[in-house]
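Numbered as in our numbering, the sequence shown ends at 98 without a single skipped number.
Below is one structure, written out as C-alpha cells; comments come after it.
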Amino acid sequence: MNYSLSGLCKCSASGICPFCIELTLSVIAMLLGIFFIWQPKRIIEAQIAIYRPFNWKIEPVSMEKEIRNTRLMGVAVLIVGVISLISMIMASRVY
4 MNYSLSGLCK CSASGICPFC IELTLSVIAM LLGIFFIWQP KRIIEAQIAI YRPFNWKIEP
64 VSMEKEIRNT RLMGVAVLIV GVISLISMIM ASRVY
C-alpha cells in the first residue's frame, strides 16, 4: 500500500488545493494543542492581554483550575488534529 500524501496535492499557480488547506489546518491544530499543553500559563496571560484594550479585566477565580482546563483543552485540540490527519491519510490510500 502507498501512503503518499504528496500525490493528493493539486496546488497550482491559481490557488491552493483543498487537500493542502486541510493538511495545514491539521498541523496547526496539533501545534496549538501541544502549545496549550506545554505553556498553559502563557495562553491564559495572552487571553488576559487581548481583553485589556477592550476595557475588560478578566482573571481566573482559581489559576490552578484554569491551567488544568487549558491543558485539557490542549489535549482535545491535539486529538482533533491527529484524527483529522489520520482521516486524510486513510483517504489517500492507493489500492
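For every residue, glycine included, the Cβ atom is placed at its ideal position computed from N, Cα and C.
What three-state label does DSSP hand residue i in the structure shown?
| i | result |
| --- | --- |
| Ser15 | strand |
| Cys20 | coil |
| Val64 | coil |
| Gln50 | helix |
| Asn72 | helix |
Out of curiosity, what's the CA-to-CA distance linking residue i and residue j?
| i | j | result |
| --- | --- | --- |
| Pro43 | Leu81 | 14 angstroms |
| Phe39 | Val85 | 15 angstroms |
| Ile51 | Glu62 | 7 angstroms |
Determine whether the beta carbon atoms of residue i and residue j lie at a separation below 7 angstroms.
| i | j | result |
| --- | --- | --- |
| Ile47 | Glu69 | yes |
| Ser29 | Leu88 | yes |
| Val64 | Ala32 | no |
Exercise. So, do the region 11 to 29 and the region 61 to 79 have three or more beta carbon pairs nearer to each other than 8 angstroms?
Worked result: no
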